Amino acid sequence: MSNIQIKTRESKFPTAENLYGLFFEDINRSGDSGLYPEMLRNRAFEDSILPEGCTPVNGSYGFETPTGWRDEFNNGEGLSRWLDGVEPTDVPAWYTKNARMQLELKDTLNANRKAALLVTFEEGTCIYNVGFCGIPVEEGKGYDFYMFAKAAQDLSLTLILADESGEVLAQTAIDLKTSDSFIRYDASFAAVKTSYNSKFIIKAEAAGIVLFGFTSLMPQETYKGHGLRKDLMEMLEGTHSKFLRFPGGCIVEGFTRETMMRFPKTIGPVWERPSHVLMWHYRTTNGLGYHEYLQFCEDMNLEPMYVINCGLTCQARFVDYIVDEELEELLQEAYDAIDYATASADSNKWGALRAQNGHPEPFGMKYVEIGNENEGPEYLWRYRKFYDALKERYPDIIFIANIHTEKDGHPTEVVDEHYYSTPEFFQENQNMFDSYDRQGPEIFIGEYAVTSGKHIGDLYAALAEAMYLTGIENNQDIVTLTSYAPLLQNVDYTAWYPDLIAFNNHEVVGIPLYYVIQMMAAHRGKEVLNTVLDGRSMYTQNVGIPGIITFSDGVSLKNVTYNGQPAAITHQLAGEYTQNADEIHLFPGTNRELETFPAVDEKNKKICYLTFGEEENTHIVWEADIKLDSKDTGFGITLWNAYCPMLYKPDETSASASDWSPVFTEHFSWNVQEGKGTGCSVHWLQDTPIADSAKLPLLYGEYMHIKVDASPEKIDCYINGELTQTIPMQLHPCTAVTASADEETVYVKIVNLSAEADAMSIQLDCDVESAYEAVVLTGDSANARNDFANPRAVSPVVIAKEGAGRDFVFDAAPLSLNILKLKKA
Ligand code: AHR
């Protein structure tokens, strides 16, 4: 039973007005086809063009940047795992029925367009576009099409939206005029039937040659009539957010200097905006551009937070440094972008351009972040240069640094910290900000998510994150801004998992954390109250299979058993091995992924890492005879190895995402090295000892019988039958609380992450009414999640309760977030 004291007379500080916000980055095709509801894929015919300056890898399979980062390309279709069911075509998403089509790279619509589509039609033949895994068409709804085309002769085209069987859902016609320059043609459709897997067909009524310069098909119904997808925007509205961080993320930096986000490329008529390949494996036409982001902020009442590039390409992808004139250009673009948002229409060129683009009043700009996830000396001086220049010109804007630049003596207003980790990390770190220097900069948790371990995107992960958020609320004098990352996932084009909201071309679903954020953000209060928690702790829900890891040559093993049964190798995560009869010899090797993975400074480190057996268990008894050739050799028995489904790979041409990866396989390790044994938790291949090391009676040049008996509470380690070390496992807190109040209400937010109910004793130092409301989020199990079929399986319910008072008991359900709304009496 937990105990909570709420001291309503001890107000700590006011609640931070903008604590909850959104971070949008075009990842998982969440721009075109997502928030920006373009229905035609490859509308500008440029998808199959390699990013500038990059060289092909294996034909059109991949590309390599000048600095050596590699990505899959698949002729512009993106990741290999997106290819299921995709018919091969030279021009991604476009197909023909008896017409001839080819890319035209010279005679394009304008200087910024890299391609056009030249089609030779015979009478009755057609080309068609399959959209982003089908074009969604709904009965009774209207759709607008436009294109720029050049026809060699007058020609009537029929435009058809048809379902999989060929049935016509909507149809209209346009008459092309003979012309030697591009002409814009517009058409609208009204659909008579629904299909989410339709095709857009352009059919010629006679023979003719047409050069298509740019095409677009959009729904007429959009959020507040400003062009963004309505259901997605309404979901975002449901988060009660206060700011929008945009446009990234790593895409701000790009993987080459040509693929950085550049402000001038994202404004003006969309057909004139240059496209570029994003590091999330597809090309964007930048239809969702700077003006659109600002409009999004205005429509949802969000403070804009614009992230600028300060002269580095992505440091995690073999960085390229921008200097001299090009760096000055980037600074100038930052000025221009800020002016576009803030200058009055008559005061400068950018204000005038914004007015010309339909928004005479300034949008405003509250925050600007200088870089994304940049660090090190190359960042520090660039940060200072940009900070000084921008602050002087825009003293009212709040500037955000990527690291603690104040530690190097630089002016620092806000620092953006990012945390991608395990549930335990978020459980453990609810108090991490208690010790932050109150004289130091404010903190923005600009990206956070449970991305490792067995609970990703489910109820358990959401509650661990909720515990962290309560810790943040208890420290919102210093942590003043938060945003989860990433925000959106088109499930047909997943590059990164998990994401706050998943969608396909017609459905939307929030993961459990979506509702956690909604609940937390909707119940803010005005003052944060002092609370004293005597909560519960629990062992981690470890589950997985056992394995062995070694960094040195000269390790052999035989007679491996797992829970009493002979066990074979099941995953070879890194390195090589040979097997002669029963004897396995391990040969550590390098792994390209290790070389490129930024958070693991393991360049050239050699490892061999194997797992044994199939069945994942919470109790593991693993035995083997192991031989170390010399004192320089060592090994780790790795426990609860679990595949981590986070799909992001730093180098997308490395092992497929469904493979177990040495970096993303979460495990615990008993490390045996230099005569000692040490129990370590391991995250992204970094070991953290969790208990004191013990001396071990190791033998060299002969087999030792090693036995490890691991349960959630402890690990017993035996050598030749002798218990040589017991490693106690860590207890993690599983209760969290924060409270705030306004004039009428005390809001108490309580997380119970354990699988047991908790009859919580709550004491208040003021009178409250007996009747109160509890907003409760829970689910059937730790793994409970939402999906399209059951989008609200894990979502809040409001329960009317009785019995609140100065001293009362609240029964917190197992695995629950509870917000008690206590009315002051
Ligand atoms: O949120 C996904 C990515 O994670 C962001 O682009 C980047 O900032 C971080 O590494």
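Residues 83 to 907 (the working numbering) are what the sequence shown spells out, left to right.
The C-beta atom is built at its ideal place from N, Cα and C for all residues, glycine as well.
Since we're looking at a predicted model, the values are computed, not measured.
Exposed unless 16 or more other CB atoms sit within 10 angstroms - verdict on residue i
i: S712; result: exposed
i: I901; result: buried
i: L813; result: exposed
i: T564; result: buried
i: V891; result: exposed
i: E335; result: buried
i: R399; result: buried
i: R91; result: exposed
i: F227; result: buried
i: H59; result: Outside the shown range of the chain, which is 83 to 907, sits residue 59, and nothing can be said about it.
i: Y364; result: buried
i: S863; result: exposed
i: Q438; result: exposed
i: N723; result: buried
i: E159; result: buried
i: H308; result: exposed
i: R40; result: There is simply no residue 40 to check, as the chain begins at 83 and stops at 907 in what is shown.
i: R888; result: exposed
Residues near residue i in its chain [Cβ-Cβ closer than 7 angstroms; skip 5 each side]
i: P96; result: K608, E609
i: I560; result: F515, Y518, R520, E524, I525
i: A546; result: P505, F508, Q509, V532, L835
i: T552; result: Q512, A818, V819, T820, K831, V833
i: L251; result: V219, L243, A244, D245, A273, V274, K275, S277, S280
i: V590; result: D313, L314, M317, I583
Limits of the alpha helix (DSSP H) - the one that residue i falls within
i: R475; result: 458-475
i: L541; result: 541-555
i: A423; result: 406-424
i: I599; result: 594-604
i: M382; result: 372-382
i: G433; result: 431-438
i: K347; result: No alpha helix (DSSP H) contains K347, which DSSP labels as neither H nor E.
i: P505; result: 505-510
i: D313; result: 312-319
Any non-hydrogen atom of the ligand AHR within 7 angstroms of residue i CB
i: P329; result: no
i: W578; result: yes
i: H500; result: yes
i: A567; result: yes
i: I844; result: no
i: C332; result: yes
i: I390; result: no
i: I109; result: yes
i: E457; result: no
i: E529; result: yes
i: N572; result: no
i: N484; result: no
i: N586; result: no
i: N454; result: yes
8 angstroms CB neighbourhood of residue i in its chain, flanking five on each side removed
i: V790; result: P628, I702, V703, W704, E705, I719, L721, W752, I797, D798, C799, Y800
i: I480; result: K448, Y449, V450, E495, V496
i: E665; result: S638, L639, K640
i: T190; result: K196, A197, A198, G295
i: G213; result: S115, M121, L122, R123, A175, S280, K281, F282, N587
i: E186; result: A197, A198, L199, L200, L293
i: E696; result: I627, T652
Enclosing beta strand (DSSP E) for residue i [first to last residue]
i: C332; result: Looking at the DSSP string, C332 is not in any beta strand (DSSP E); the run it does join, the alpha helix (DSSP H), is 332-335.
i: D893; result: 889-894
i: E784; result: Note, E784: premise wrong, no beta strand (DSSP E); not H, not E.
i: G224; result: 224-233
Contact test: residue i Cβ vs the ligand COA heavy atom, cutoff 7 angstroms
i: E451; result: Of the ligands this structure carries, namely the ligand AHR, none is the ligand COA.
6 angstroms CB neighbourhood of residue i in its chain, flanking five on each side removed
i: L595; result: A544, E547
Subject >> Touch test, the region 355-362 against the region 409-418, Cβ-Cβ under 8 angstroms, three pairs minimum >> reply: no
Original post:
Three or more C-beta pairs closer than 8 angstroms, one from the region 495-502 and one from the region 457-465: is that the case here?
Top reply: no
Original post:
Is it true that the region 203-214 meets the region 173-181, where meeting means three or more beta-carbon pairs spaced less than 8 angstroms apart?
Top reply: yes
**OP:** Pair every Cβ in the region 228-244 with every Cβ in the region 275-285, then say whether three or more of these pairs are closer than 8 angstroms.
**Re:** Yes, since at least three Cβ pairs between the region 228-244 and the region 275-285 fall closer than 8 angstroms, the two stretches touch.
Original post:
Are at least three pairs of beta-carbons, each pair with one atom in the region 567-583 and one in the region 612-622, less than 8 angstroms apart?
Top reply: no
Subject >> Stretch-stretch touch, CB-based, cutoff 8 angstroms, three pairs: the region 216-223 with the region 289-309 >> reply: Contact between the region 216-223 and the region 289-309 is established, with three or more Cβ pairs separated by less than 8 angstroms.
**OP:** Would you be able to state if there are at least three C-beta pairs under 8 angstroms between the region 656-666 and the region 565-573?
**Re:** These segments do not touch.
Subject >> Validate contact between the region 881-888 and the region 852-872 using beta carbons, cut 8 angstroms, 3 pairs >> reply: yes
Original post:
Would you say the region 119-131 touches the region 365-382, given that touching needs at least three Cβ pairs under 8 angstroms?
Top reply: yes
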